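K.L.:
Residue numbers (this note's numbering): -17 to 341.
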Amino acid sequence: MRKGYLLKDDDPQDVANSTKSLPISQLKAWTKGRAWAFTDFELKDTVGKGTFSRVRVVKMKSSQERTPMVLKILRKADVIRLKQVEHVKAEKQIMSMVEHPFIVNLLGAFQDERRLFMLLEYVNGGELFSYLRREGRLPNDHVRFYSGEILLAFGYLHSLHVVYRDLKPENALLDFEGHIKLTDFGFAKVVEERTWTLCGTPEYLAPEMIQSKGHGKGVDWWALGVLLYEMLAGYPPFYDENPYGIYQKVLKGHVDFPRHFDVKAKDLIQRLLQQDRTKRLGCLKAGVEDVKKHKWYKGMDWDLLLTRSATPPFRPPVQSEDDTSMFDRYPESTEASAPAVSTKEQESFQEFDTTILGT
């Protein structure tokens, strides 16, 4: 729609629990204020690839600390050619200011003459998309858990006036315990009132974004409604082979619900997929609290969820801290070459001159 192995007689949960990887709080303290260079890292498997970027698992070469991390590598020439400079700078800025249990942690950023680098925690349980693809569709309790963690992340981001703008199963990772971690903040933006850029995945775009009426936090709540539907049905509520066909269906606003849908889940989705953003759940005066109080979430212990004390419905069968079996395979690259950019163009990336954290 859009774009492992088990050790004999070993319990994958026991193996994962025996990881020698540093807890994220200690890893952030260890990386704080460090000056990085690409040559500091030993490159492992690729776990993600975009139009102008590649995401690779890495470890420090000359250090006793061998906790796996990921390095997002972006080619400057392609960032400039595709007019993504402002998006990349916003991604770096926003990730440096956020810290939340259900958001991937940024550990540092740096550059060389041809590339930009963002060092992130490695979340090894794979994409929610892959889990959904294997299962077809998910039970109500699974969807309630995952969407609950996502809406807590949204509540936090919106309190900072950050609009995520790219929710989809591919951008929700599962850690080794099975908790959600939102990743890829390339379309995120600090928005006090409204912005007008059309960006995101067609199936998840809110009507006000398609119509260029200006949009804000409401597009995230619309996208949550789409994700709820897709997790419960196994396919998105608005789909067509052609993006323009998708846009037409979104603007018509008609949603067909399968018979197996829970009545309360259907009501929640309808309120999130409200065409009028002034009436959309999450956009009213109480914001995220209105979503949390919806009857479909009745009985949810939000404090327990926020502290990651609730038991996830699925635990990825990872074998070790640097296991990459839960991700798709990509052709490997040496990352040795990238087109050159001019001295003037280099000035666009001054924010990457130093490590973000600890400065």
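The beta-carbon is built from N, C-alpha and C at its ideal position, and this holds for glycine as well.
Note that the structure is predicted; figures quoted are calculated from it, not measured.
For Gly216, decide whether its Cβ has a neighbour in chain C, counting only Cβ atoms nearer than 9 Å.
P.N.:
The chain labelled as chain C is not found in the depicted structure, where only one protein chain is given.
K.L.:
Which value, in whole angstroms, describes the spacing of the CA atoms of Leu343 and His236?
P.N.:
Residue 343 cannot be examined here, being either before or after the span of the chain that is shown, -17 to 341.
K.L.:
Are Asp304 and Val105 close, meaning C-beta to C-beta below 9 Å?
P.N.:
Reading the sequence shown from its first residue, position 322 is the one you call residue 304. Reading the sequence shown from its first residue, position 123 is the one you call residue 105. Taking 9 Å as the Cβ cut-off, Asp304 and Val105 do not qualify as a contacting pair.
K.L.:
Taking its Cβ as the centre, do 16 or more other Cβ atoms sit within 10 Å of Arg253, making it buried, or is it exposed?
P.N.:
As a working note, residue 253 is residue 271 in the sequence shown. Per the 10 Å Cβ criterion, buried.
K.L.:
Could you give the uninterrupted runs of the alpha helix (DSSP H) lying entirely in the region 58 to 99, keeping only those of 4 residues or more?
P.N.:
Entirely contained in the region 58 to 99, the alpha helix (DSSP H) runs reaching 4 residues are, in chain order, 58 to 63 and 67 to 79.
K.L.:
Using only the alpha-carbon positions, how far apart do Arg259 and Phe84 sit?
P.N.:
Numbered from its first residue, the sequence shown carries residue 259 at position 277. Numbered from its first residue, the sequence shown carries residue 84 at position 102. Going by the C-alpha atoms only, they are around 26 Å apart.
K.L.:
Distance, Cα to Cα, Trp278 vs Lys246?
P.N.:
Locating residue 278 in the sequence shown gives position 296, where the first residue counts as 1. Locating residue 246 in the sequence shown gives position 264, where the first residue counts as 1. Trp278 and Lys246: Cα-Cα distance of roughly 5 Å.
K.L.:
What number of angstroms, rounded off, separates the C-alpha of Asn87 from the C-alpha of Phe136?
P.N.:
Locating residue 87 in the sequence shown gives position 105, counting from the first residue. Locating residue 136 in the sequence shown gives position 154, counting from the first residue. The alpha-carbon atoms of Asn87 and Phe136 are separated by roughly 15 Å.
K.L.:
Per DSSP, which residues does Glu24 bridge with? Please list them.
P.N.:
Taking the sequence shown and counting its residues from 1, one reaches residue 24 at position 42. BP columns for Glu24 point to Lys41.
K.L.:
According to DSSP, is Thr325 part of a helix, a strand, or is it coil?
P.N.:
For the purposes of this step, residue 325 is taken as the residue at position 343 of the sequence shown. Of the three classes helix, strand and coil, the one that applies to Thr325 here is helix, per DSSP.
K.L.:
How about the region 140 to 152 and the region 95 to 103: do they share at least three Cβ pairs that are nearer than 8 Å?
P.N.:
Result no; under three Cβ-Cβ pairs closer than 8 Å.
K.L.:
Quick check on Gln256: buried or exposed, where buried means 16 or more other Cβ atoms within 10 Å of its Cβ?
P.N.:
In the sequence shown, the residue the question calls residue 256 occupies position 274. Burial call: buried.
K.L.:
With a cut-off of 8 Å, do at least 3 Cβ pairs link the region 284 to 304 to the region 155 to 170?
P.N.:
The region 284 to 304 is in contact with the region 155 to 170.
K.L.:
My understanding is that Glu333 touches Lys74, with C-beta atoms under 8 Å, so please give their C-beta distance in whole angstroms.
P.N.:
As a working mapping, residue 333 is identified with position 351 in the sequence shown. As a working mapping, residue 74 is identified with position 92 in the sequence shown. Indeed, because the Cβ distance is near 6 Å, the residues count as touching under 8 Å.
K.L.:
Would you say the region 272 to 290 touches the region 144 to 156, given that touching needs at least three Cβ pairs under 8 Å?
P.N.:
With the cut-off at 8 Å, the region 272 to 290 and the region 144 to 156 do not touch.
K.L.:
DSSP has Glu103 in a bridge; who is on the other side?
P.N.:
Residue numbering aside, residue 103 sits at position 121 when the sequence shown is read from its first letter. Glu103 pairs with Met51.
K.L.:
Do Lys150 and Thr179 have their C-beta atoms within less than 9 Å of each other?
P.N.:
The residue labelled residue 150 in the question sits at position 168 within the sequence shown. The residue labelled residue 179 in the question sits at position 197 within the sequence shown. No, these two residues do not count as a Cβ contact at 9 Å.
K.L.:
Quick check on this structure: which residue in Pro5, Glu109, Arg57 and Gln193 has the alpha carbon closest to the alpha carbon of Asp166?
P.N.:
Residue 166 sits at position 184 when you count from the first residue of the sequence shown. The option with the nearest alpha carbon to Asp166 is Glu109.
K.L.:
According to DSSP, is Ala17 helix, strand or coil?
P.N.:
Along the sequence shown, read from residue 1 onward, the residue named residue 17 stands at position 35. Ala17 falls in the coil class under three-state DSSP.
K.L.:
Identify the residues that DSSP records as bridge partners of Val172: which are they?
P.N.:
Within the sequence shown, residue 172 is the residue found at index 190, counting from 1. Answer is Val144.
K.L.:
In the DSSP assignment, find the unbroken beta strand (DSSP E) run with Leu164 in it and report its ends.
P.N.:
Along the sequence shown, one-based indexing puts residue 164 at 182. Residues Ile162 to Leu164.
K.L.:
Three or more C-beta pairs closer than 8 Å, one from the region 264 to 280 and one from the region 220 to 238: is that the case here?
P.N.:
No: fewer than three Cβ pairs fall under 8 Å.
K.L.:
Please list the terminal residues of the continuous alpha helix (DSSP H) segment that includes Ala369.
P.N.:
The question about residue 369 has no answer here: the residues shown for the chain are numbered -17 through 341.
K.L.:
Less than 9 Å between the C-beta atoms of Ala205 and His197, yes or no?
P.N.:
Along the sequence shown, read from residue 1 onward, the residue named residue 205 stands at position 223. Along the sequence shown, read from residue 1 onward, the residue named residue 197 stands at position 215. Going by C-beta atoms, Ala205 is not nearer than 9 Å to His197.
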